[in-house]
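*Asks:* I'd like to ask you about the structure that follows.
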Amino acid sequence: MASGASDEWVAGVAPLPPTVLTDLRQVWNPEGTNPGPAQNEFRHRNVVHHRPRAPPRRRFNILAEQPVDIEAMVFQAPEVRIRNDSQNVHDSTVMAGTNVALQKLADKGYSTDGDTKATVVEMINASSLDSVGKEKALRVLRSLGSDEHSRYGLSEQDALALVCARIADPVNTDNRAVLSDMLAQNLADNVVDGMIMCSSGKINRLTQTLQVLDADQTLVDIKPKWAVREEIADNASKVRDDVLGSLTDEERKGYDDDTDSTAAGRMRDALTQQCRKSYVEAGILSEEQLEAELSPFLTEF
Numbered sequence: 001m002a003s004g005a006s007d008e009w010v011a012g013v014a015p016l017p018p019t020v021l022t023d024l025r026q027v028w029n030p031e032g033t034n035p036g037p038a039q040n041e042f043r044h045r046n047v048v049h050h051r052p053r054a055p056p057r058r059r060f061n062i063l064a065e066q067p068v069d070i071e072a073m074v075f076q077a078p079e080v081r082i083r084n085d086s087q088n089v090h091d092s093t094v095m096a097g098t099n100v101a102l103q104k105l106a107d108k109g110y111s112t113d114g115d116t117k118a119t120v121v122e123m124i125n126a127s128s129l130d131s132v133g134k135e136k137a138l139r140v141l142r143s144l145g146s147d148e149h150s151r152y153g154l155s156e157q158d159a160l161a162l163v164c165a166r167i168a169d170p171v172n173t174d175n176r177a178v179l180s181d182m183l184a185q186n187l188a189d190n191v192v193d194g195m196i197m198c199s200s201g202k203i204n205r206l207t208q209t210l211q212v213l214d215a216d217q218t219l220v221d222i223k224p225k226w227a228v229r230e231e232i233a234d235n236a237s238k239v240r241d242d243v244l245g246s247l248t249d250e251e252r253k254g255y256d257d258d259t260d261s262t263a264a265g266r267m268r269d270a271l272t273q274q275c276r277k278s279y280v281e282a283g284i285l286s287e288e289q290l291e292a293e294l295s296p297f298l299t300e301f
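In UniProt numbering, the protein residues as written are 1 to 301.
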């Protein structure tokens, strides 16, 4: 290594004065050995504490012996797209909710036979999407496959057929137009950063078409885990208020002083019962998953 590069690297900034560099070389490593206590003390006193700070964003490359602007390197690097889970399609409760909704549709006897794509093309063309959105929706429609999804037990095309059959059901006569428009929008939403989402994402978005807008608003209830936790927190607060409101003054004092666990037990039982009905019986969470989600709330009662 050239002496100039070595001088600059040791100080971390512009070269030190010759006298300081001479002392530094003599104390730091005169025999080519590892630094000892005296050498470390010199470095601590003269290099770490008394040298000026290096300019921001400048790093020195020992091999190249040249300063490198890291920020410039980052912005000049090729862009890499990472297909994350921004729409929560791989969230366990989202997948469970989608599975429950699809099973409900199948239980109603809707057929997955036949080709529904021509009908969906008409929905897309009549939708409120702009030309770019319509092209995205058509692109996703063309991509829907016939392979069975390992989690849902049906294909992307089957999911589309079930949703379309539900939209065509007489119960949705009054809101068929808005459901058709939502289906077109959800198809287009499957294109993220120019890439079509995975199979789980496509099936999830297709099923969500019916959420809230269907004549039966309980038919599809898909929510990510963070939303489930917020619901549990809200329910926990309500349960606590309800139980406290029913206590006598003596019982309330026992609860506040932590000398009577009766009220806390009532709170735990009420919240557990509510959540078991809302999430376990509905197929959103397993019993073990519910226990894990409830634990921090139950211990706070």
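By construction, the Cβ of each residue, glycine as well, lies at the ideal position given by its N, Cα and C atoms. Computed from a predicted structure; not experimentally measured.
1) In three-state terms, what does DSSP make of Met95?
2) Just how far apart, CA to CA, sit Lys134 and Asp158?
3) Evaluate Ala137 with the Cβ neighbour count: other Cβ atoms within 10 Å of its Cβ, from every protein chain shown; 16 or more gives buried, anything less gives exposed.
4) Hey, would you say Ala126 sits closer than 9 Å to Asp181, going by beta carbons?
5) Taking buried to mean at least 16 other C-beta atoms within 10 Å of its own C-beta, is Ala38 buried or exposed?
6) Could you work out which residue in Arg240, Val132, Ser146 is closest to Val191 when comparing CA atoms only?
7) I'd like the list of long-range same chain contacts for Cys164, defined as Cβ closer than 8 Å, with 5 residues on each side in sequence excluded.
8) Name the two residues that bound the continuous alpha helix (DSSP H) containing Asn204.
9) Between which two residues does the alpha helix (DSSP H) containing Arg151 stretch?
10) Is the beta carbon of Ile124 closer than 9 Å to that of Leu210?
11) Can you tell which of Ser143, Gly145, Leu160, Leu271 has its C-alpha closest to the C-alpha of residue 328?
12) What separation, rounded to the nearest whole angstrom, lies between the Cα atoms of Val212 and Thr218?
13) Under a Cβ-count criterion, where at least 16 other Cβ atoms within 10 Å of its own Cβ denotes burial, should Ala101 be classed as buried or exposed?
14) Grab the span of the alpha helix (DSSP H) containing Gly254 for me, first residue to last.
15) Say whether the stretch 198-209 touches the stretch 145-157, bearing in mind that this needs 3 or more beta-carbon pairs closer than 8 Å, one atom from each stretch.
16) Name, in chain order, the residues that DSSP records as bridge partners for Ile196.
17) Which residues mark the beginning and the end of the alpha helix (DSSP H) in which Leu129 is found?
18) Taking 6 Å as the limit between beta carbons, can you name the residues of its chain near Arg240, skipping five residues before and five after?
*Replies:* Quick look at the numbers:
1) Met95 carries a helical assignment under DSSP once its states are collapsed to helix, strand and coil.
2) 22 Å
3) buried
4) yes
5) Confidence at Ala38 is low in this model, with a pLDDT of 46, below 50, so its placement is unreliable and the value that follows should be read with caution. Exposed, since its Cβ has fewer than 16 Cβ neighbours within 10 Å.
6) Val132
7) Thr116, Thr119, Val120, Leu183
8) Note, Asn204: alpha helix (DSSP H), 199-208.
9) No alpha helix (DSSP H) contains Arg151, which DSSP labels as neither H nor E.
10) no
11) Because the chain spans 1 through 301 in this model, residue 328 falls outside it and cannot be assessed.
12) 8 Å
13) buried
14) If you look at Gly254, you'll find it in the alpha helix (DSSP H) that goes 249-256.
15) yes
16) Val191
17) That residue, Leu129, is in no alpha helix (DSSP H); it is neither H nor E in DSSP.
18) Met267
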